[in-house]
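A.B. asks: One structure, pasted below without further comment.
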Amino acid sequence: NEPNNSYTIGFSQCTGADEWRKAMIKGMQRELAFHPNVTLLYRDAQYNNQKQIEQIRELANSDIDLLIVSPNEDQPITPIVEEVFQKGIPVVVVDRRITSPFYTAYVGGNNYEVGKIAGEYINTLLKGKGKIIEITGSPKSTPAIDRHKAFMEVMAISPDIEVISINGEWEKQFAKPAFLKIIDQHPDADLIFGHNDRMTVGAYEVMKEKNLLGKVKFVGIDGLAGPDGGIDMVNKGVFEASVIYSPGGEEAIQKAIEILQTGKTNKETILHTAVIDSSNVRMMKMQTDKILSQQDDIEKQQKRIDDQIKIYNNQQVFLYVMSGM
Ligand code: FRU
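Rendered as structure tokens:
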């Protein structure tokens, strides 16, 4: 049911090493398995704006039919994305946004909504009173900007809540030292809210090392399935809650293919969010464990099919060589 056209999609990822980004790529690969006529060129900018600009330029010059991009920071990456779009290459922005409307479609969560839901949950949990340490993602990336803004708007309703915000740059390795620097002034913190689960785990480890666990609660974002993901952390009772922020790899590829095949699409595809806490974590864990094992089966089958194709192709070459003897 698919036109025989072959397509090349370029994907410029701001960073690629963490589990959330790996889940995104895996989702893309699973979706691409249905479209053998589509090739994905993948570039990881490792949180470096300059590198991402160069990689986008290189992709745009290598005859791609569409660009998928998750911009590291919005300001520096916007001009090059606009340039690609104005060259006539459709652009699907995923997860993080740019500052201009010059893109074809956005696929990702609503980060304002994610911050608001986290804020409302935390406000109820603390009954409108207490000291919170917020660990933000990089303040130049749009998810951190939107999550922080919405969170602070909710907190402003409760005069008895105090928020101390620090920058954890999205990664545990940066969040831990930033947290260590301030925790001695705030050993009485009631709750740690991290803009992702990895940084929240970092704060938990610091509190544990300092023997400060007890009343303090932890809330993160992402809610990934699998060992040590947000769902697991809530299930183990380490976190009070995690807000789901879906990586959306499948949806990004679906959107790209829709654009390539039909030339049109709706501009905004917002992925759903929800709070995972003790009230629903067992159900979530059961369901996501099942999905993970099914996905694993699909990947194994896909590999088996690829291997069979390779064997078949080798046999064809062998028969061809034999026939020439
Ligand atoms: C993964 C990540 C997620 C976060 C998202 C925001 O690289 O840090 O943990 O939700 O990026 O862009």
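Here our numbering is used: position 67 in the sequence shown is 881, and no number is missing along the way. Ideal Cβ positions, reconstructed from N, Cα and C, are used throughout, including at glycine.
Grab the span of the alpha helix (DSSP H) containing Val-898 for me, first residue to last.
C.D. replies: Its alpha helix (DSSP H) spans residues 888 to 900.
A.B. asks: I need the boundaries of the beta strand (DSSP E) containing Ala-919, first residue and last residue.
C.D. replies: Where Ala-919 is concerned, the enclosing beta strand (DSSP E) stretches over 919 to 923.
A.B. asks: Among the candidates Leu-855, Ile-946, Leu-873 and Phe-1007, whose CA atom is the shortest distance from the CA of Gln-999?
C.D. replies: Selected option, being the one with the closest Cα: Ile-946.
A.B. asks: Which word fits Asp-1002, buried or exposed, when buried means at least 16 other C-beta atoms lie within 10 angstroms of its C-beta?
C.D. replies: Answer is exposed; the Cβ neighbour count stays below 16.
A.B. asks: I'd like to know if the region 933 to 944 and the region 963 to 980 are in contact, where contact means that at least 3 CB-CB pairs between them fall below 8 Å.
C.D. replies: Segments in contact, yes.
A.B. asks: Cβ of Ile-1006 versus every heavy atom of ligand 1: is any distance shorter than 7 Å?
C.D. replies: No; taking the cut-off as 7 Å, the Cβ of Ile-1006 has no heavy atom of ligand 1 nearer than that.
A.B. asks: Closer than 8 Å is the cut-off here; do at least three beta carbon pairs connect the region 944 to 960 with the region 1004 to 1018?
C.D. replies: As far as the Cβ criterion goes, the region 944 to 960 touches the region 1004 to 1018, which means the pair count is three or higher.
A.B. asks: Suppose you measure from the CA of Pro-953 to the CA of Lys-963; what does that come to, to the nearest Å?
C.D. replies: Spanning the two alpha carbons is a distance of roughly 11 Å.
A.B. asks: Which residue comes first and which comes last in the beta strand (DSSP E) that contains Leu-854?
C.D. replies: It spans 852 to 858 - the beta strand (DSSP E) in which Leu-854 sits, taken as one unbroken run.
A.B. asks: Alpha carbon to alpha carbon, how far is Gly-982 from Lys-1099? Give it in angstroms, no decimals.
C.D. replies: Between Lys-1099 and Gly-982, the C-alpha separation is close to 28 Å.
A.B. asks: Using the beta-carbon count (16 or more within 10 Å), is Asp-1121 buried or exposed?
C.D. replies: Flag for Asp-1121 reads exposed.
A.B. asks: Taking only three categories from DSSP, how would you classify Asn-815?
C.D. replies: Here the model assigns Asn-815 a pLDDT of 42, short of 50, so the residue's position is not dependable, and the following value carries that caveat. Coil at Asn-815, not helix or strand.
A.B. asks: Going straight from the alpha carbon of Ser-1060 to that of Asp-1036, what length do you get?
C.D. replies: Approximately 7 Å, taken between the alpha carbons.
A.B. asks: In three-state terms, what does DSSP make of Asn-1049?
C.D. replies: Note: Asn-1049 maps to helix in three-state DSSP.
A.B. asks: Is Pro-957 close to ligand 1? I mean its beta-carbon at under 7 Å from any heavy atom of the ligand.
C.D. replies: Yes, Cβ of Pro-957 sits closer than 7 Å to a heavy atom of ligand 1.
A.B. asks: May I have a chain-ordered list of the beta strand (DSSP E) segments no shorter than 3 residues that lie completely inside the region 997 to 1039?
C.D. replies: You should have 1005 to 1008 and 1031 to 1036.
A.B. asks: Could you say if the region 879 to 893 and the region 1029 to 1043 meet the contact criterion of at least three C-beta pairs nearer than 8 Å?
C.D. replies: Contact between the region 879 to 893 and the region 1029 to 1043 is absent, because fewer than three Cβ pairs lie under 8 Å.
A.B. asks: For Thr-1083 and Glu-1064, which I take to be in contact (beta-carbon distance under 8 Å), what is that distance rounded to the nearest angstrom?
C.D. replies: Thr-1083 to Glu-1064, Cβ: 11 Å. No contact.
A.B. asks: Beta-carbon within less than 6 Å of Ala-989's beta-carbon, same chain only, minus the 5 sequence neighbours each way: which residues are those?
C.D. replies: Once the five neighbours on either side are set aside, the close Cβ partners of Ala-989 are Ile-949, Gly-982, Met-1013 and Gly-1016.
A.B. asks: Report the rounded CA-to-CA distance for Asn-815 versus Lys-1078, giving the unit in angstroms.
C.D. replies: Low local confidence applies: a pLDDT of 42 at Asn-815 is under 50, so the model's placement there is unreliable, with the coordinate-based value given in what follows. Cα-Cα distance, rounded: 18 Å.
A.B. asks: In chain order, what residues of the same chain lie with their CB nearer than 7 Å to the CB of Val-1020, ignoring the 5 residues before and after it?
C.D. replies: Here the set comprises Lys-990, Phe-993, Leu-994 and Ile-997.
A.B. asks: How about Val-1089 and Val-1057: do their beta carbons lie closer than 8 Å?
C.D. replies: Result yes, Cβ atoms of Val-1089 and Val-1057 sit closer than 8 Å.
A.B. asks: Do you know whose CA, among Phe-916, Val-1135 and Val-928, lies nearest Lys-901's CA?
C.D. replies: Of the listed residues, the one whose Cα sits closest to Lys-901 is Phe-916.
A.B. asks: Using the Cβ count rule (16 or more neighbours within 10 Å means buried), how would you classify Ile-1125?
C.D. replies: Exposed: under 16 other Cβ atoms inside 10 Å.
A.B. asks: Could you give the distance in angstroms between the alpha-carbon of Asn-1049 and the alpha-carbon of Gln-889?
C.D. replies: So the alpha carbons of these two residues sit roughly 38 Å apart.
A.B. asks: For Gln-866, count neighbouring Cβ atoms within 10 angstroms of its own Cβ and tell me buried if that reaches 16, exposed if not.
C.D. replies: So Gln-866 ends up on the buried side.
A.B. asks: Going by the CB atoms, is the gap between Val-906 and Ile-882 shorter than 8 Å?
C.D. replies: Cβ atoms of Ile-882 and Val-906: closer than 8 Å.
A.B. asks: In this structure, does DSSP put Leu-1074 in helix, strand or coil?
C.D. replies: The answer is helix: DSSP assigns Leu-1074 an H, G or I state.
A.B. asks: Whose C-alpha, out of Gln-864, Tyr-856, Glu-872 and Ile-903, is nearest the C-alpha of Asp-879?
C.D. replies: Comparing Cα-Cα distances from Asp-879 to each of Gln-864, Tyr-856, Glu-872 and Ile-903, the minimum goes to Ile-903.
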